[in-house]
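K.L.:
Chains as they are written, first to last, in the working numbering: chain S, 1 to 1028; chain W, 1029 to 1284.
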């Protein structure tokens, strides 16, 4: 080979090598582009595929989205190590795909995302764009405790929201106060909006009929118990003026927005959830036993009624006969799913709760259908419909007036332990002789029919029309049809029935509410400016009719109230009323780069309840927020991930005032005899007040939202002041007018307070630990009564037992509900300077004005039922498949008026007493606390019966286990079992049944009154959740 | 573009026009004054309502206040009764308060009749009688008030709104003038003998009404009453006796 040829060959081979290299490179490149990655993205808690999740090669634009089953196929460049998987509501995850072509990615839910969407009035907003004070409670939190009523699930979950269970009866009355008491004659309960339909939170207008035994306020059912809590997806509580002004004349007490579960696109999912458990009473009260009672009765009578008290021993423990371990169960079956065009969620629920008092029970069955249908590109329709049927057999726990009218628990406290519970024939003993006026509690529990049946249909249908890009119109029509029926009968074994030979009745209430809303929404983003405009027209009207019939004096008790024509005295009544509300609302939401936010709302409301001169009211609000964390100077640091400052001011109203008060009403009053025949006189019973209008609240709120360490720590703090004016009150007018008082907008209240809520993700490794808590403090003050009076004291405030309903007064400068009475100053001892009319052993009250006489002038404010602060604290832990959570609730600084002690420590003879009366004053036992036994004496209301009602309650502890995917069993996607203890520890100094009580029911003036109602129970349940 | 905006706006405008008048409250279970005073039975019922304060008055305080203030008895010290005999009471005394309240209830109800019954379609003769009875009642109530309290508010029309509840007191002479006018008017239309027991008779009124009173000469003192406790048999005729006594020639000398 010559040199030239060798060179040529070398060149050629270079080219060849080069070409081959190129070729191989090319081949390699081709094979690099064609690495296919497959996989499934599932959710950690539901184990279901997540459709629409993004799988993106990190730092590139190469990505794919998952299909309806959560599966994806993605071509990734060779050498790719990491893909980023994300989906709204879930924590973004980076997954290594080295050496893998098929990956299963599990995403954890992200509860701390600021992109989370929050429901506000007439729309939704991203959490980061929120300018008002809104608290969110998720379904999982709501359902953690076994509840009949979803409001119970709100307790201690949101700052600024104080929930008090007035009665422990299943489905019983509950009071909710958002930022304090803002009304006296109107309602202080917030507005509840279920899927856009506003409903009232006031207790069920119970149908009447029959004896009133068992129908007082403390006994009522909460109307919200008729809604199934298991259907709820989330609850948002709107607290400040900016969030609530959009509800105008109904927003002054706060608004609770309830959103029910809707279908999600993807595979059809069938879920079963159920639990079973038992409730029992926390504690029974210590009473005198038979020996002590006999000795006491002997002392009262001055003669040996009971010759040998020592031999009687313990006697009958009446409380053990009326309290029981009540079972409760709940079953929920739901089917949900759909395509991207059609979504559905259908659920069925059965709930059954036996109370802790025998023969009391609440049952509810409900069905829900939520549909969403996309008809065309611009048109969507949907429905939210639910029907519930519930039946309540209510225990009669009427308040302590006189012994004869006593309900079950009172009768158990009064009943003499010296008498056997059943007679020789096995029937409940009828008390006789000295004890004839006391009911046998077993008899009241088993011989009184007190049933309410409620049928409710709540639903709406809506249509969304996208007119042009950014402009949508929604029309919705809804109805809430509630029918409540009452059956009542008291037979001859109970005093009320024995006096008239049976009294019974039937009643019906029909309450039909209709709503129409037209909503226009326009959204436009121009560069860094983002604008959202909303306009709403809404009209709601309600018609309520009721009828009731009562009969008394029946020939026998056999047919109960099913044939009232057998009664010899029959009374019938009927009533009809209606109201209407028309509103026009507008809202402007503006933000600049999501950094500077501004919200303006205005609402015009017209209500039929307002007088002719004030039919329409205008309610504006303004709110601004500054997301400091988006500023340039905040970028770069790692500590503060979110910082938002908020301020809002607005005016809202309370239209929940009594109906027809602006009109002059004619009624029959008195009669006069002409020719010995009675003629009825008819005249105007009140002066018309055409100026009657809503109660107005002006509220200022300042808030800050802080997120630290990538939102691992989230803190929200709000401070507010709410001034309510034009409160409805009765003002005394000169009698020369021919009338005594006039009802109008006269008073004023002020509420101010602080709320804090905190969420911390302490650990996020294999052991996850989250803490969330909230604490709130509110101070309430009455600022104005009617321009003339500075206080209104209860009618018979100091004196007799009959004054139980008048435990509190209204005084300018003092909080609403302040207790009123004497100051207890010990017992007169022998040798003391005892005034005439009293003897040693009687109670001494402090003579405040030093005039030597104990009279109404010596009464003053003796207590405050409003708490200093209340809080809730939750710890959630997850490890492998186990989950544990502990939920603690506390209320501190409130006082309770233990009114029951007025009778149960009166030592007046004829009925049993608390065990403390064993220590009563006698000449050999000079007690300084409990007065001596003396026939028929009365005890006046004083601070002796005011007790500290503070408590800390371990409300729920749940331990659950989620089973791992069992091999080939594909039809069972998820299963979890759990056990939980509820209200299992209560730390309190209160001596009554339970510190969470208000026997006055939903009441503005009388708070914290314990007149022996239905005690709150503790329970233990076990439950199961299955997803197919 | 425009058309698209028009539709929802039109809807809103239409809806609001339909609803604006519907916010007036519609009572179903009671009636308002605009629905009353239409028939004869309405008028009778309204008149009966004007009579009922007489029962309220005479069942207790109407006789207690004058009796206890006189010297014939000294009552037990309950609800302030003993204060009347020794004149130690103030505005908080229950009996005085009720006396005042019943009389003014009567005045207001009589006013309501006098204002509203004229527009009722009914037998004109009976209507005149009803109005006369109401005027008599008004005069009677004012007589009770002026003789017991002296200067009192003179309400000539019924109370219809909050603003008119405050009325300052008028001089006793003016009250007397007003009530005498009422009684003189009533005398003209009342039947000679009452149709029913319980109505005032005109004849005694007419017969013993000599001339208008010279109010300056009279310092009213509560005179004794005859048979004050019978509320069934023409109670009204008893106070008539007072006026009879007061205005008869003979007694004027006594009262000076």
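We put the beta carbon where it would ideally sit given N, CA and C, even for glycine.
Since we're looking at a predicted model, the values are computed, not measured.
#1: Which chain S residues are close to residue 1140 of chain W, counting only those with a beta carbon under 9 angstroms from its beta carbon?
#2: Count the other CB atoms within 10 Å of the CB of residue 971 of chain S; is the residue buried (16 or more) or exposed (fewer)?
#3: Under DSSP, the beta strand (DSSP E) around residue 1030 of chain S begins and ends at which residues?
#4: Relative to the alpha-carbon of residue 980 of chain S, which residue among S:1019, S:163, S:990 has its alpha-carbon at the smallest distance?
#5: For the beta strand (DSSP E) containing residue 273 of chain S, list its first residue and its last residue.
#6: Cα-Cα, which of S:946, S:193, S:343 is closest to residue 259 of chain S?
#7: Applying the criterion that 16 or more other CB atoms from any shown protein chain within 10 Å of the CB defines a buried residue, is residue 529 of chain S buried or exposed?
#8: How close, in whole Å, do the beta carbons of residue 841 of chain S and residue 828 of chain S come, if the pair is a contact with beta carbons under 8 angstroms?
#9: Shortest alpha-carbon distance to residue 438 of chain S belongs to which of S:457, S:453, S:461, S:409?
#10: Could you check whether the Cβ of residue 1133 of chain W sits closer than 8 angstroms to any Cβ belonging to chain S?
#11: Got a sec: is the Cβ-Cβ distance from residue 1029 of chain S to anything in chain W below 8 angstroms?
#12: Can you list, in chain order, the residues of its chain with a C-beta nearer than 6 angstroms to that of residue 732 of chain S? Leave out the 5 residues immediately preceding and following it.
#13: Take residue 295 of chain S and list the residues in its own chain whose beta-carbon comes closer than 7 angstroms to its own, dropping the five residues that flank it on each side.
#14: List the residues that DSSP assigns as beta-bridge partners of residue 490 of chain S.
#15: Which class does residue 1115 of chain W belong to by DSSP, given the choice of helix, strand or coil?
#16: Determine, using beta carbons only, whether residue 708 of chain S comes closer than 8 angstroms to chain W.
#17: Three or more C-beta pairs closer than 8 angstroms, one from the region 772 to 787 of chain S and one from the region 149 to 159 of chain S: is that the case here?
#18: Per DSSP, which one or two residues make a beta bridge with residue 1058 of chain S?
#19: If residue 448 of chain S sits next to residue 490 of chain S, beta carbons under 8 angstroms apart, how far is it from one beta carbon to the other, in whole angstroms?
#20: Would you say residue 660 of chain S lies against chain W (beta-carbon separation less than 8 angstroms)?
#21: Can you name the start and end residues of the beta strand (DSSP E) that residue 529 of chain S belongs to?
#22: Decide if the region 300 to 308 of chain S is in contact with the region 243 to 254 of chain S; the criterion is three or more beta carbon pairs, one per stretch, under 8 angstroms apart.
#23: Take residue 466 of chain S as the anchor and find which of S:481, S:440, S:416, S:520 has the nearest alpha-carbon.
#24: With a threshold of 8 angstroms between beta carbons, is residue 1056 of chain W in contact with chain S?
#25: Taking 8 angstroms as the CB-CB cut-off, is residue 1184 of chain W touching chain S?
#26: Determine the closest residue to residue 947 of chain S out of S:988, S:844, S:184, with distance taken between C-alpha atoms.
#27: Using CA coordinates, which residue listed in S:694, S:698, S:832, S:877 is at the minimum distance from residue 762 of chain S?
#28: Using only the alpha-carbon positions, how far apart do residue 561 of chain S and residue 488 of chain S sit?
#29: Report the partner residues of residue 1056 of chain W according to the DSSP bridge assignment.
#30: Can you tell me which of the three DSSP states residue 1261 of chain W falls into?
#31: Assuming residue 749 of chain S contacts residue 181 of chain S under a Cβ cut-off of 8 angstroms, what Cβ separation, rounded to an integer in Å, is found between them?
#32: Do residue 935 of chain S and the ligand PLP come close, with the Cβ less than 7 angstroms from some heavy atom?
#33: Does the region 854 to 864 of chain S touch the region 952 to 968 of chain S, meaning 3 or more C-beta pairs lie closer than 8 angstroms?
#34: Would residue 1048 of chain S pass as an interface residue toward chain W - the criterion being a Cβ-Cβ separation below 8 angstroms?
#35: Under 8 angstroms, Cβ to Cβ, is there at least one residue of chain W near residue 667 of chain S?
#36: Between residue 1151 of chain W and the rest of its own chain, which residues show a CB-CB distance below 8 angstroms, the 5 nearest in sequence each way excluded?
P.N.:
According to the structure shown:
#1: On the second chain, position 112 is the one that residue 1140 of chain W refers to. Per Cβ cutoff of 9 angstroms: 683, 684, 738.
#2: Locating residue 971 of chain S in the first chain gives position 971, where the first residue counts as 1. Exposed is the call here.
#3: Coverage of chain S is limited to positions 1 through 1028, which leaves residue 1030 of chain S absent and any answer about it impossible.
#4: By one-based count along the first chain, residue 980 of chain S stands at place 980. Of S:1019, S:163, S:990, the residue nearest in Cα terms is S:1019.
#5: Counting from one through the first chain, the residue named residue 273 of chain S turns up at place 273. For residue 273 of chain S, the enclosing beta strand (DSSP E) covers residues 266 to 281.
#6: For this step, residue 259 of chain S is matched to residue 259 along the first chain. Between residue 259 of chain S and the set S:946, S:193, S:343, the nearest pair of CA atoms involves S:193.
#7: The residue labelled residue 529 of chain S in the question sits at position 529 within the first chain. Classification of residue 529 of chain S: exposed, given that the 10 Å Cβ count is below 16.
#8: Walking along the first chain from the start, residue 841 of chain S turns up at place 841. Walking along the first chain from the start, residue 828 of chain S turns up at place 828. The pair is a contact, with the Cβ atoms about 7 angstroms apart (cut-off 8 angstroms).
#9: Walking along the first chain from the start, residue 438 of chain S turns up at place 438. The residue with the shortest Cα to Cα distance from residue 438 of chain S is S:409.
#10: Translated into positions along the second chain, residue 1133 of chain W becomes position 105. Chain S, which has a Cβ nearer than 8 angstroms to the Cβ of residue 1133 of chain W, makes this yes.
#11: As shown, chain S starts at 1 and ends at 1028. That puts residue 1029 of chain S outside it, with no answer to give.
#12: In the first chain, counting from the first residue as 1, residue 732 of chain S sits at position 732. 741, listed in sequence order.
#13: Taking the first residue of the first chain as position 1, residue 295 of chain S is located at position 295. By the criterion of a C-beta distance shorter than 7 angstroms, residue 295 of chain S is surrounded in its chain by 309, once the five residues flanking it on both sides are discounted.
#14: Numbered from 1 along the first chain, position 490 holds the residue referred to as residue 490 of chain S. Partner(s): S:448, S:503.
#15: Numbered from 1 along the second chain, position 87 holds the residue referred to as residue 1115 of chain W. Per DSSP, reduced to three states, the secondary structure at residue 1115 of chain W is coil, with no helix or strand assignment.
#16: Along the first chain, one-based indexing puts residue 708 of chain S at 708. It does not; no Cβ of chain W falls within 8 angstroms.
#17: Counting Cβ pairs under 8 angstroms, three or more are found: they touch.
#18: Nothing about residue 1058 of chain S can be reported from this structure: the residues present for chain S run from 1 to 1028 only.
#19: One-based indexing of the first chain puts residue 448 of chain S at position 448. One-based indexing of the first chain puts residue 490 of chain S at position 490. Taking 8 angstroms as the upper bound for CB-CB distance, residue 448 of chain S and residue 490 of chain S are in contact here, some 5 angstroms apart.
#20: By 1-based counting over the first chain, the position of residue 660 of chain S is 660. Yes, its Cβ sits closer than 8 angstroms to a Cβ of chain W.
#21: Counting from 1 along the first chain, the entry for residue 529 of chain S is found at position 529. First-last of the beta strand (DSSP E) with residue 529 of chain S: 529 to 552.
#22: At 8 angstroms Cβ cutoff, the stretches do not touch.
#23: Residue numbering aside, residue 466 of chain S sits at position 466 when the first chain is read from its first letter. The option with the nearest alpha carbon to residue 466 of chain S is S:520.
#24: Counting from one through the second chain, the residue named residue 1056 of chain W turns up at place 28. Taking Cβ atoms only, chain S reaches closer than 8 angstroms to residue 1056 of chain W, which makes this a yes.
#25: Here residue 1184 of chain W is taken as the residue at index 156 of the second chain, counted from 1. Cβ-Cβ to chain S under 8 angstroms: no for residue 1184 of chain W.
#26: Residue 947 of chain S sits at position 947 when you count from the first residue of the first chain. That would be S:988, whose Cα lies nearest to the Cα of residue 947 of chain S.
#27: Within the first chain, numbered from 1, the residue matching residue 762 of chain S stands at position 762. It is S:877 whose Cα lies nearest to the Cα of residue 762 of chain S.
#28: Position 561 of the first chain, counting from 1, holds the residue named residue 561 of chain S. Position 488 of the first chain, counting from 1, holds the residue named residue 488 of chain S. Inter-residue distance for residue 561 of chain S and residue 488 of chain S is about 7 angstroms (C-alpha atoms, whole angstroms).
#29: Along the second chain, read from residue 1 onward, the residue named residue 1056 of chain W stands at position 28. Residue pairing of residue 1056 of chain W in beta bridges, as defined by DSSP: absent, with no partner found.
#30: Taking the first residue of the second chain as position 1, residue 1261 of chain W is located at position 233. Note that residue 1261 of chain W scores 27 on pLDDT, short of 50, meaning its location in the model is unreliable; the coordinates nonetheless yield the value given after this. Three-state DSSP puts residue 1261 of chain W in coil, outside helix and strand.
#31: Taking the first residue of the first chain as position 1, residue 749 of chain S is located at position 749. Taking the first residue of the first chain as position 1, residue 181 of chain S is located at position 181. Your pair residue 749 of chain S and residue 181 of chain S checks out as a contact, with CB atoms roughly 7 angstroms apart and the cut at 8 angstroms.
#32: Inclusion of the ligand PLP in the displayed structure is not the case, the ligand content being empty and no account of it being possible.
#33: Inter-segment contact for the region 952 to 968 of chain S and the region 854 to 864 of chain S is absent: fewer than three beta-carbon pairs are separated by less than 8 angstroms.
#34: As shown, chain S starts at 1 and ends at 1028. That puts residue 1048 of chain S outside it, with no answer to give.
#35: Within the first chain, the letter at position 667 stands for residue 667 of chain S. Yes, residue 667 of chain S counts as interfacial toward chain W.
#36: Counting from one through the second chain, the residue named residue 1151 of chain W turns up at place 123. Sequence-distant partners of residue 1151 of chain W (beyond 5 residues in either direction) whose C-beta falls short of 8 angstroms from its own C-beta, in its chain, are 1068.
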